[in-house]
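Asker:
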Amino acid sequence: MGKPLKIILSILAALALLIIVVISALFIFIDPNDFKPEIQAAVKDKIGRELTLEGDLKLSVFPWLGISTGKMTLSNAEGFQPKPFAEIEESDINVKLLPLLSKEIEVDRIVLKGLTVNLAKNKQGVNNWHDLTDTKPEPPAADSNTQDTQPTDEAQTLLSIGGITIENARIDWDNQKSGKHLEIKDVDLNTDKIVFDKPFSVNLALAVLNAQANLTETIKLTTDLTVNDKLDNFRLADVNLQTTTAGEKIPGKSLTAALTATDVLLNLAKQDLKISTLRVESGALKVAADITGTRIKDQPLFQGPVTVAQFSPVQVMKQLAITPPAMRDINALTRLAMNFSLQATDDSADLQNLVIKLDDTTINGSAGVNNFSQPAIAFNLTADAVDIDRYLAPEKETDKKSKPIASPAVTTAAAASLLPVETLRKLDANGELTLHKMKINNLNMQDIHLKLSAKNGIVTTQQNVNQFYQGSYSGNLNMDVRNRQPVLAVNEKINRVQVEPLLKDYKGEARMRGVVNASAQLKAQGNNKDEIKSSLNGQLSFLFKDSVILGFNLQKIIDNSKALIKGAPLPTDNKHDQTLFSEITGTAIVNNGVLSNNDLVAQSSKLRVNGKGNANLNTETLDYKINAMLLKSPDANTGQQAEKMTVAINVGGTFSKPSYTIDPSSLLTEKNKAKIEEKKQKLLDKLDKKLGPGASELLKRIF
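With the first letter of the sequence shown counted as 1, position 221 gets the number 222 in my numbering; the numbers rise by one all the way through.
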């Protein structure tokens, strides 16, 4: 056996020597630069573009069959700028010879230096690489009965690449249709040995320049990539993506973010995507998700759970160089977390099983956005308890006594007026909000329901408070912003509301008790508070039952006035003075911001009160007159009927500082008035006698 083995080894050695000699001869006697014209012609024939080989081609043979090039350029597509489509300063690729005998392609590291690619899309939407990707139909088979000639698994060629190195590459993207221009530069790519269906490491770094937005974004990516031989199935493990965005418009001039994922599976054939343990972090903001995608090329649908870890919005605003608003509670906006089930397409996002925790408030429900280009918002949310006062601007000590009572509809209108009119015109929203408890302007409400509808410049809201100081509230707001000046219409009603606790909460003190029913129908137009007030029109009505006005004793005022006339000593004041009315009713008309009331009626067992006058909302001034009448009743001492008496009180000043004066003439009784008239007439008669007839008439005209 020894001799035959020696013979076989000798033959193999001779064959190997012969191959080496032949290849060496090729390397010595053949210059690859002689084939440049043939190479360029082949490229022209295949893809219709000009290939320019400026540098020398260098050939290596054993044990690697390789070629190195100098500068190469590939011309642009017809109809685009004359600059090259692709340009490379230097390249190097080698293929190992011996594995080719067993149909294995083993490529050494591919090195590309100074690669530049100019991508473009013209105004018609045609790109400059479409001719490179369009596939031509294959010619039909000569014989339909011919057996399938597809290679079997055993006959397929195996490919492995020692790695890819791309140094200092640049990609220029010019989209003339959208007017956007991006430059991707400093592209560096390094990979380990690449074998199909086996993981290999990838390190990528690049920078993206957006000259129009004056932004620069640097990106670094590391991952282990696995790809199949058909290049349609990818797996990325241990993904780590780091980004830094810099620019003058970026808060703090720089913003960093990190994205990690344990596993990313992409199947282009099935159009499936799965991302496991996705994490996104930027400053204090941390988002976690597990996302699956289907039909990602045709009709993409992405879904999965998303969690936003608790963070401080105030801290995030500071990190973004945004000054947080001054709020009454220094601990407001310091805790925010949420989680939801995401369903998203390329043009919509739907958040189901939504849970938001803001400070001490928990919100549940759903929300969604459809048509990102013209967003249509829908929501259905429920909150347990919201203290809005925590988030309002700090309140001055004098504000409680001077601030007017604002109803929920008016508050909603005021909040909406803070938004730009153009934003309201474009707003497309429909939803419902339910709050178990809410506090705003120190007013406490329970069981609140709000409905919002906004589309085509019409904004409407409906709000109901089922528990509002032992009563209820209902109202609606309609805002039309289609024209230059927004037009508002408010209709609201309160039923059996207790006045005293409401005033105590709102103003810190209450000078009235009782139950009130009231309604209002108001309209206005304008772009700011002053314009709205000056154009306010409508009507009001109110009814107070079993009311008590504290610190004000109308009967005592009448008694004081009577004592003053008779010369009797005045009764002493009492801090517990009050006036009881069984009923107070009235209506008011609002005309261009001036409220007029002419039918105020208040009555009790001993008093009748009438009132009329104006309240100017523009100047916040009062001009009102109250006539109070003490009803006849038997005198406790004499048993005789008391004398009827009316007191007129003029109310002036401003809303914040009203003034009260008593009309002296109203203090006189009818009997005293008759005596005065009698004495005045006698005086006039004497003047006629002394000065002549007609003197009294002249005096009457003068005075």
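For glycine and all other residues, C-beta sits at the position ideal for the given N, C-alpha and C. None of these values were measured; they are calculated from a predicted model.
Going by Cα to Cα distance, which pick from N169, V112, D173, L623 is closest to G163?
Answerer: Position 162 of the sequence shown, counted from the first residue, corresponds to residue 163. Nearest option by C-alpha distance: V112.
Asker: So, under 8 Å CB-CB, T263 and D233 are touching, yes? Tell me the CB distance rounded to an integer number of Å.
Answerer: The residue labelled residue 263 in the question sits at position 262 within the sequence shown. The residue labelled residue 233 in the question sits at position 232 within the sequence shown. The pair is not a contact, with the Cβ atoms about 22 Å apart (cut-off 8 Å).
Asker: With a threshold of 8 Å, are at least 3 pairs of Cβ atoms found where one atom belongs to the region 464-479 and the other to the region 443-456?
Answerer: Judged by Cβ distances under 8 Å, the region 464-479 makes contact with the region 443-456, as three or more pairs qualify.
Asker: Below 8 Å on the Cβ atoms is my guess for I533 versus G527; work out the distance and round it to an integer in Å.
Answerer: Taking the sequence shown and counting its residues from 1, the one referred to as residue 533 is at position 532. Taking the sequence shown and counting its residues from 1, the one referred to as residue 527 is at position 526. That belief holds up - the Cβ atoms of I533 and G527 are roughly 4 Å apart, short of 8 Å.
Asker: Starting from the Cα of T580, find the closest Cα among E39, V127, V610, L601 and give me that residue.
Answerer: Indexing the sequence shown from 1 puts residue 580 at position 579. Checked all of E39, V127, V610, L601; the closest Cα to T580 is V610.
Asker: Looking only at its own chain, which residues have a Cβ that is under 7 Å from the Cβ of F197, when we skip the five neighbours before and after it?
Answerer: Translated into positions along the sequence shown, residue 197 becomes position 196. Only L160, V228, N229, D230 meet the Cβ criterion.
Asker: Between Q311 and G284, how many whole angstroms is the CB-CB distance? I'm expecting something under 8 Å.
Answerer: As a first step, residue 311 must be located in the sequence shown, where it is residue number 310. As a first step, residue 284 must be located in the sequence shown, where it is residue number 283. No, Q311 and G284 are not in contact; Cβ-Cβ is about 14 Å, not under 8 Å.
Asker: Residue range of the beta strand (DSSP E) that V127 falls in?
Answerer: By 1-based counting over the sequence shown, the position of residue 127 is 126. Premise fails: V127 is in no beta strand (DSSP E) and is neither H nor E.
Asker: Taking 7 Å as the line, does the beta carbon of D187 fall inside it for any heavy atom of the ligand ATP?
Answerer: Of ligands this structure carries none, so the ligand ATP is not represented either.
Asker: Rounded to whole angstroms, what is the Cα-Cα separation between H131 and E218?
Answerer: If you number the sequence shown from 1, residue 131 lands on position 130. If you number the sequence shown from 1, residue 218 lands on position 217. Going from the Cα of H131 to the Cα of E218 covers about 28 Å.
Asker: Quick check: P376 and I323, are their CB atoms within less than 8 Å of each other?
Answerer: Reading the sequence shown from its first residue, position 375 is the one you call residue 376. Reading the sequence shown from its first residue, position 322 is the one you call residue 323. No, the pair does not count as a contact, with Cβ atoms beyond the cut-off.
Asker: Near M439, what residues of its chain come up, given a Cβ to Cβ distance below 6 Å and the 5 sequence neighbours on each side ignored?
Answerer: On the sequence shown, position 438 is the one that residue 439 refers to. Once the five neighbours on either side are set aside, the close Cβ partners of M439 are V387, M446, I449.
Asker: Could you tell me the alpha carbon to alpha carbon distance between F656 and Y625, rounded to whole angstroms?
Answerer: In the sequence shown, residue 656 corresponds to position 655, counting from 1. In the sequence shown, residue 625 corresponds to position 624, counting from 1. Going from the Cα of F656 to the Cα of Y625 covers about 12 Å.
Asker: Who pairs with L113 in a beta bridge, going by DSSP?
Answerer: Within the sequence shown, residue 113 is the residue found at index 112, counting from 1. S92, I167, per the DSSP bridge assignment.
Asker: Using DSSP with H/G/I as helix, E/B as strand and the rest coil, what is Y705?
Answerer: The question about residue 705 has no answer here: the residues shown for the chain are numbered 2 through 704.
Asker: Give me, in chain order, the residues of the same chain whose beta-carbon lies closer than 6 Å to that of T350; leave out the 5 immediate sequence neighbours on both sides.
Answerer: The residue you call residue 350 lines up with position 349 of the sequence shown. Residue 350 is actually Ala in this sequence, not Thr. Same-chain partners within the cutoff: V370.
Asker: Restricting to Cα atoms, I'd like to know which of S660, I378, E493 is closest to S454.
Answerer: Translated into the one-based positions of the sequence shown, residue 454 becomes position 453. Here the closest residue by C-alpha is I378.
Asker: Give me the Cα-Cα distance between L222 and R336, rounded to the nearest whole angstrom.
Answerer: The residue labelled residue 222 in the question sits at position 221 within the sequence shown. The residue labelled residue 336 in the question sits at position 335 within the sequence shown. Rounded to whole angstroms, L222 to R336 spans 32 Å at the Cα level.
Asker: Are the beta-carbon atoms of Q304 and L343 separated by less than 8 Å?
Answerer: Position 303 of the sequence shown holds residue 304. Position 342 of the sequence shown holds residue 343. Contact flag set, yes.
Asker: Where does the unbroken alpha helix (DSSP H) through V44 begin, and where does it stop?
Answerer: As a working mapping, residue 44 is identified with position 43 in the sequence shown. Unbroken alpha helix (DSSP H) run through V44: 37-48.
Asker: Among residues of its own chain, excluding the 5 on either side of G115, which ones have a beta-carbon nearer than 7 Å to its beta-carbon?
Answerer: Along the sequence shown, one-based indexing puts residue 115 at 114. Excluding residues within five positions, the ones whose Cβ falls inside 7 Å are I89, E90, E91, N169.
Asker: Would N619 and S597 qualify as a contact pair, given that the criterion is a beta-carbon distance under 8 Å?
Answerer: Taking the sequence shown and counting its residues from 1, the one referred to as residue 619 is at position 618. Taking the sequence shown and counting its residues from 1, the one referred to as residue 597 is at position 596. No. Outside cutoff.
Asker: Quick check on the burial criterion: 16 or more other C-beta atoms within 10 angstroms. Buried or exposed for F373?
Answerer: By one-based count along the sequence shown, residue 373 stands at place 372. Flag for F373 reads exposed.
Asker: Compute the beta-carbon to beta-carbon distance between V288 and F341, rounded to the nearest angstrom, for a pair I have assumed lies under 8 Å.
Answerer: As a first step, residue 288 is located in the sequence shown; it is residue number 287 there, counting from the start. As a first step, residue 341 is located in the sequence shown; it is residue number 340 there, counting from the start. Wrong, their Cβ atoms sit about 11 Å apart, outside the cutoff.
Asker: Ends of the beta strand (DSSP E) at P306?
Answerer: The residue given as residue 306 occupies position 305 in the sequence shown. Residues 302-312.
Asker: Under a three-way DSSP split, which group does G56 fall into?
Answerer: Taking the first residue of the sequence shown as 1, we reach residue 56 at position 55. DSSP places G56 in coil when its eight states are reduced to three.
Asker: Hey, I165 and L190 are a contact pair by Cβ (cut 8 Å); roughly how many whole angstroms apart?
Answerer: Within the sequence shown, residue 165 is the residue found at index 164, counting from 1. Within the sequence shown, residue 190 is the residue found at index 189, counting from 1. With 8 Å as the limit, I165 and L190 qualify as a contact, their Cβ atoms being about 6 Å apart.
Asker: How big is the Cα-Cα spacing for S202 and L237?
Answerer: By one-based count along the sequence shown, residue 202 stands at place 201. By one-based count along the sequence shown, residue 237 stands at place 236. So the two alpha carbons sit approximately 9 Å from each other.
Asker: State the beta-bridge partners of E218 as determined by DSSP.
Answerer: To locate residue 218, count along the sequence shown from 1; it is residue 217. Its beta-bridge partners are V209, T246.
Asker: Output the distance between the C-alpha atoms of M318 and K452, rounded to the nearest integer angstrom.
Answerer: To locate residue 318, count along the sequence shown from 1; it is residue 317. To locate residue 452, count along the sequence shown from 1; it is residue 451. Going from the Cα of M318 to the Cα of K452 covers about 30 Å.
Asker: Which residues in the same chain have their Cβ closer than 6 Å to the Cβ of E433, if we skip the five residues on either side of it in sequence?
Answerer: Within the sequence shown, numbered from 1, the residue matching residue 433 stands at position 432. For E433, where only same-chain residues beyond five positions count, the Cβ hits under 6 Å are N381, K452.
Asker: With DSSP as the reference, please indicate the residues paired to F545 in a beta bridge.
Answerer: Numbered from 1 along the sequence shown, position 544 holds the residue referred to as residue 545. Its beta-bridge partners are V517, I585.
Asker: Given a threshold of 16 other Cβ atoms within 10 Å of its Cβ, counted over all protein chains shown, does L16 qualify as buried or as exposed?
Answerer: Walking along the sequence shown from the start, residue 16 turns up at place 15. For L16, the predicted structure reports a pLDDT of 46, less than 50, and the residue's modelled location is therefore unreliable. A value from the coordinates is still provided. L16 is exposed by the Cβ-count criterion.
Asker: If you draw a straight line from the C-alpha of K199 to the C-alpha of T192, how long is it?
Answerer: For the purposes of this step, residue 199 is taken as residue 198 along the sequence shown, with counting starting at 1. For the purposes of this step, residue 192 is taken as residue 191 along the sequence shown, with counting starting at 1. Roughly 13 Å between the two C-alpha positions.
Asker: If we call anything under 8 Å between Cβ atoms a contact, is G758 one with S535?
Answerer: Since the displayed the chain opens at 2 and closes at 704, residue 758 lies outside it and no answer follows.
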